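Asker: With numbering that gives the first Met the number 0, the residue at position 1 of the sequence shown is 0, and numbering never jumps.
Backbone N, C-alpha and C fix where the C-beta goes; we use that ideal spot for every residue, glycine too.
Fair warning: this is a prediction, and the values are worked out from it, not measured in the lab.
Structure incoming, see below.
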Amino acid sequence: MDGFGPDRLPSALVLTFDNLGEASALERGTQPPDVPLGRDPSVLEALPRLLDELQRHRLTATFFVEAINCELYPDAVRGIAARGHEIGHHGWAHETWRSLAPANERDALIRGLRAFEALGLRPRGFRPPGGELTDRSPSLLRENGFDWCSPEGCDAEVVAGLAYIPFDWDLVDAYHLMDAFASLRGERGDPEAPRDPDALTDRLEQRLTAARGHHTLVLHPFLMLDPAWAAGVSRVLAVIAELAKGRRTWVVPGNVFADWQVLRS
0 MDGFGPDRLP
10 SALVLTFDNL
20 GEASALERGT
30 QPPDVPLGRD
40 PSVLEALPRL
50 LDELQRHRLT
60 ATFFVEAINC
70 ELYPDAVRGI
80 AARGHEIGHH
90 GWAHETWRSL
100 APANERDALI
110 RGLRAFEALG
120 LRPRGFRPPG
130 GELTDRSPSL
140 LRENGFDWCS
150 PEGCDAEVVA
160 GLAYIPFDWD
170 LVDAYHLMDA
180 FASLRGERGD
190 PEAPRDPDAL
200 TDRLEQRLTA
210 ARGHHTLVLH
220 PFLMLDPAWA
230 AGVSRVLAVI
240 AELAKGRRTW
250 VVPGNVFADW
260 QVLRS
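Now the structure itself:
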């Protein structure tokens, strides 16, 4: 590897955010029936603060959005794109992608595309909810005009025109902070108890500052409703901005990294 990006920097960070609103709760059947849709504080409160912070640091990211949000929060989805960020496809309503039957996988992908297109948006990138593609996914993505995807734990490479930009669970905030990931943490040899937000902030700062090679950071706006983690994200973004300014790390959204991968392949 001779460096990343046009300036051949020693490391590259693809900055991404996952999940909006009630999509996952609707898919799991945990959305309270007496709570109106379209009023989720992660969209109405956390997202605007996050967008302002990204603008302040001059950082551009990819937001992987469940397509149902095009109906529930059209202004918010358009607003992300209007601030210069990339919109990626994250399923229709955060389905566990690897478990979908062929017809359901195709329907979730194409139904989602139509919802984005109704807002004048055309995602190039796809991240499978849950992190795992099916064996059918690469062909389905190519057939429908995607040129990059971001599953967990694969090689960063270009295969038949489709760029792969993987993520690792260790750089996913939800993996460290949520009880739901306890068993996965145990399988990976990490403590099953959730990390303290301050400890996670320190860990991410250390990882990003020492990083060489390519990394993908995955953060979730709904977790930023916790003031402690919101403060942690502010610290992490400030560190990322300094790494970018100091020309130590090439910090880009997924589409920019994918274009660079294709040029090199």
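1) Which residue wins for smallest C-alpha separation from C69, given the options P165, G245, E21, L183?
2) Start and end of the beta strand (DSSP E) containing D197?
3) Across which residues does DSSP place H88 in a beta bridge pair?
4) Pull up the distance between the alpha-carbon of L139 and that of R105, whole angstroms please.
5) Please list, in chain order, all residues of the same chain as G129 whose beta carbon is under 7 Å from its beta carbon, the five residues on each side excluded.
6) Could you please give me the residues that DSSP links to T29 through a beta bridge?
7) Can you tell me where the alpha helix (DSSP H) holding V42 begins and where it ends?
8) Per the DSSP calculation, F180 is bridged to which residue(s)?
9) Helix or strand or just coil, what does DSSP make of F3?
10) What is the rounded straight-line gap between the Cα of R247 and the Cα of E151?
11) Let me check understanding here. Comparing Cα to Cα, which of T133, D167, F145 lies closest to H88?
12) May I ask you to report which of helix, strand or coil DSSP gives L49?
13) Determine the extent of the beta strand (DSSP E) in which L12 is found, giving its start and end residues.
14) Out of P252, G2, K244, which one is the CA nearest neighbour of L216?
15) Tell me which same chain residues have a C-beta within less than 6 Å of the C-beta of H175, skipping the five on either side of it?
16) Roughly how many angstroms lie between the CA atoms of G265 and D33, to the nearest whole one?
17) Do R206 and L170 come within 8 Å of each other at the CB atom, strictly closer than that value?
18) Span of the beta strand (DSSP E) holding G212?
Answerer: The answer reads as follows:
1) Within the sequence shown, the letter at position 70 stands for residue 69. Residue E21 is the option with its Cα nearest to C69.
2) What you label residue 197 is simply residue 198 of the sequence shown in a count that begins at 1. That residue, D197, is in no beta strand (DSSP E); its alpha helix (DSSP H) goes 196 to 209.
3) By one-based count along the sequence shown, residue 88 stands at place 89. Answer is V64, F125.
4) By one-based count along the sequence shown, residue 139 stands at place 140. By one-based count along the sequence shown, residue 105 stands at place 106. Cα to Cα, the separation comes out at about 7 Å.
5) For the purposes of this step, residue 129 is taken as residue 130 along the sequence shown, with counting starting at 1. Result list for G129: T95, W96, R97, in chain order.
6) Counting from 1 along the sequence shown, the entry for residue 29 is found at position 30. None, per the DSSP bridge assignment.
7) Along the sequence shown, read from residue 1 onward, the residue named residue 42 stands at position 43. Where V42 is concerned, there is no enclosing alpha helix (DSSP H), given that its DSSP letter is neither H nor E.
8) Walking along the sequence shown from the start, residue 180 turns up at place 181. In DSSP, F180 forms no bridge with anything.
9) For the purposes of this step, residue 3 is identified with residue 4 of the sequence shown, where counting begins at 1. Three-state result, F3: strand.
10) As a first step, residue 247 is located in the sequence shown; it is residue number 248 there, counting from the start. As a first step, residue 151 is located in the sequence shown; it is residue number 152 there, counting from the start. Their backbone Cα atoms lie some 25 Å apart in a straight line.
11) Taking the sequence shown and counting its residues from 1, the one referred to as residue 88 is at position 89. The candidate whose alpha carbon is nearest that of H88 is F145.
12) Working through the sequence shown from its first residue, we reach residue 49 at position 50. DSSP places L49 in helix when its eight states are reduced to three.
13) For the purposes of this step, residue 12 is taken as the residue at position 13 of the sequence shown. Per DSSP, L12 belongs to the beta strand (DSSP E) from 10 to 17.
14) Translated into the one-based positions of the sequence shown, residue 216 becomes position 217. Closest by alpha carbon: P252.
15) Taking the first residue of the sequence shown as position 1, residue 175 is located at position 176. Here the set comprises R194, L199.
16) Look at the range of the chain in this structure, 0 to 264, and you will see that residue 265 is not part of it.
17) Position 171 of the sequence shown holds residue 170. Position 207 of the sequence shown holds residue 206. Yes, the Cβ-Cβ distance between L170 and R206 is below 8 Å.
18) Locating residue 212 in the sequence shown gives position 213, where the first residue counts as 1. It spans 212 to 218 - the beta strand (DSSP E) in which G212 sits, taken as one unbroken run.
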